[in-house]
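Those letters in the sequence shown? Residues 1 to 431, by UniProt numbering. See structure below.
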Amino acid sequence: MTFKELGIAEPILKALEAEGYTHPTPIQEQSIPILLKGKDLLGVAQTGTGKTAAFGIPILHHLYEGISLSQSKRKVKALVVTPTRELAIQIGESFTAYGKHTGLRNTVIFGGVKQGKQVSALRGGVDILIATPGRLLDLMNQGFISFRDLQHVVLDEADQMLDMGFIHDIKKIIAKLPPKRQSLFFSATMPKDIVELSRKMLGDFERVTIKPEQATAEKVEQGVYFISKGNKPKLLVHLLEQQPQASVLVFSRTKHGANKIVKKLAQADIRSAAIHGNKSQTARQKALGDFKDGKLKVLVATDIAARGIDVEDLSLVVNYDLPNVSETYVHRIGRTGRASASGTALSFCDKEERAYLRDIEKLIKQAVPRMPEHQFMDEDTKDDDDERPARSPRGPGKSGNKNRAGGNNFRGKNNRNTSKPKKRNDSSSRN
1 MTFKELGIAE PILKALEAEG YTHPTPIQEQ SIPILLKGKD LLGVAQTGTG KTAAFGIPIL
61 HHLYEGISLS QSKRKVKALV VTPTRELAIQ IGESFTAYGK HTGLRNTVIF GGVKQGKQVS
121 ALRGGVDILI ATPGRLLDLM NQGFISFRDL QHVVLDEADQ MLDMGFIHDI KKIIAKLPPK
181 RQSLFFSATM PKDIVELSRK MLGDFERVTI KPEQATAEKV EQGVYFISKG NKPKLLVHLL
241 EQQPQASVLV FSRTKHGANK IVKKLAQADI RSAAIHGNKS QTARQKALGD FKDGKLKVLV
301 ATDIAARGID VEDLSLVVNY DLPNVSETYV HRIGRTGRAS ASGTALSFCD KEERAYLRDI
361 EKLIKQAVPR MPEHQFMDED TKDDDDERPA RSPRGPGKSG NKNRAGGNNF RGKNNRNTSK
421 PKKRNDSSSR N
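So this is what it looks like as structure tokens:
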């Protein structure tokens, strides 16, 4: 199946080909025909499955086929609501790329910045609006946004919105939308509150479920360090100093956290760069290019910014923050141990992240091996499940892997490393 066979409008096909896309992913292949028929959709899928294109392509197709671009005043005909600024920006970039030959205009609005430029863009007229809930509701209440002509609405990452406390804002937004519309609802999981919300939002709908990855990469050796939040920077510096030649990808849950990690590493004379939604495209491309070329050994990334990163011979993935969505852990550690190489993934787990670790272990159906006690441990870092025996990743330190992250320093409790190494939270505005 190709995009052309799905019956997509020619200008959109042209843009997709320019982006290098000819064949749809499973969620795109299943969702696009449903949406082209005008039906509502409930999509159960993780980030990274291609769902932005799954809803973006048919929305662009419908609008391109059905509206007059010569109208003096553009009206919002499609709305995408997503929980974070980073996701909103990425979705906006996707609409711009896929719709560049359609003449359709989109804009992105989010909190944490002054609203002046966003209001100006709205006054200039837009066809597609991508928004975070808080800023959207604010501008609606101020009278800057009208949904009188709305035809399509997408609620993306619904379960994350629930986790972030946006559920009441979402209900208020839905209540102000015209009843005659096509509604699309995407969520990685379907807890009770999300099921109820989907029933209120959707009419005659079809469901598409893309099963998450159920197992971690076989060649990836895993380990978890129990550590207090305040000592995470010290442990990271220690691990990186043991293997200065290693190529390391460090994951942070937030952009603010990623910036802090880079600053902490700089204080220890370890050069690194952060990539996230607040970085310019030029800055992100330079950092990623330097990382791929080996000029930069440590790259710190948020999950959204890390999409598309494919680096050969990636030695180590470090989950500086454990992800709050278990499947994200699988995506993260799968970036090492590709092709014929083995890889290592190490996670830092503070007291507040224990529940995330349990969810991850439930998903991958195995305990993540506990790493040995270390000099940065305190009372808060004791494992709740200490009776479980620990083992160390077998990859690092093997013959032929001398430069891999960890080396002989990653040892289980029965083979402790007693060497003495040198000693060397994101609160954001309303979305």
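All C-beta atoms in this analysis are idealised placements derived from N, C-alpha and C, irrespective of residue type, glycine included.
- Using a 10 angstroms sphere on the CB of HIS23, the tally of other CB atoms stays under 16, which defines it as exposed.
- Contact annotation, ALA188 with ASP159: C-beta distance approximately 6 Å; criterion of less than 8 Å satisfied.
- Nearest to THR102 by C-alpha distance, out of VAL300, LEU60, GLN30, is LEU60.
- Here ASP350 is buried, its C-beta having at least 16 other C-beta atoms within 10 Å.
- Cβ-Cβ distances below 7 Å link LYS255 to GLU86, HIS276, GLY277, ASN278, THR302 in the same chain, with the five nearest sequence neighbours on each side left out; the list follows chain order.
- Fully enclosed alpha helix (DSSP H) runs of no fewer than 4 residues occupy 232-242, 255-267, 281-293, 303-306, 326-333, 354-364 of the UniProt domain "Helicase C-terminal" (231-379), in order along the chain.
- According to the DSSP assignment, ALA9 belongs to no beta strand (DSSP E), since it is labelled neither H nor E.
- Approximately 5 Å separates the beta-carbon atoms of GLN28 and GLY50; this is inside 8 Å, confirming the contact.
- By the Cβ neighbour-count rule, THR209 is exposed, with fewer than 16 other Cβ atoms within 10 Å of its own.
- Considered as a whole, the segment 78-116 harbours 85-98 as its complete alpha helix (DSSP H) runs of no fewer than 4 residues, in chain order.
- SER326 and ASP359 have their alpha carbons spaced roughly 6 Å apart.
- Less than 9 Å divides the Cβ of ARG135 from the Cβ of ILE109.
- Here LEU316 really is in contact with LEU346; their C-beta atoms are around 7 Å apart, less than 8 Å.
- It is roughly 24 Å from the alpha-carbon of GLY111 to the alpha-carbon of PHE55.
- Following the DSSP letters along the chain, one finds SER31 inside the alpha helix (DSSP H) bounded by residues 26-36.
- Residue burial is scored here from C-beta neighbours: GLN243 has at least 16 other C-beta atoms within 10 angstroms and is therefore classed as buried.
- The beta carbon of PHE186 sits closer than 6 Å to those of GLY43, LYS51, ASP156, all from its chain and outside the five residues before and after it, given in chain order.
- Exposure of GLY289 is indicated by the presence of fewer than 16 other C-beta atoms within 10 angstroms of its C-beta.
- Relative to the Cα of PRO191, the nearest Cα in the group ARG370, ILE227, SER228, LEU162 belongs to LEU162.
- Contact between THR132 and THR96 is absent: CB atoms are separated by about 18 Å, not below the 8 Å threshold.
- In the DSSP assignment, the residues bridged to TYR225 are PHE348.
- For the pair LEU16 and TYR98, the CB atoms are nearer than the 9 Å cut-off.
- Per the C-alpha coordinates, the member of GLU221, GLN285, GLY294, ILE194 positioned closest to SER342 is GLU221.
- From the listed residues PHE144, VAL153, LEU137, the smallest Cα separation to HIS168 is found for LEU137.
- Looking only at THR107, VAL153, PHE144, the smallest Cα-Cα distance to PRO58 is reached by VAL153.
- Between PRO33 and LEU6, the C-beta gap is smaller than 9 Å, which places the two residues in contact.
- In terms of CA proximity to MET371, THR344 leads the group LYS264, THR344, THR107, SER252.
- PHE55 carries a helical assignment under DSSP once its states are collapsed to helix, strand and coil.
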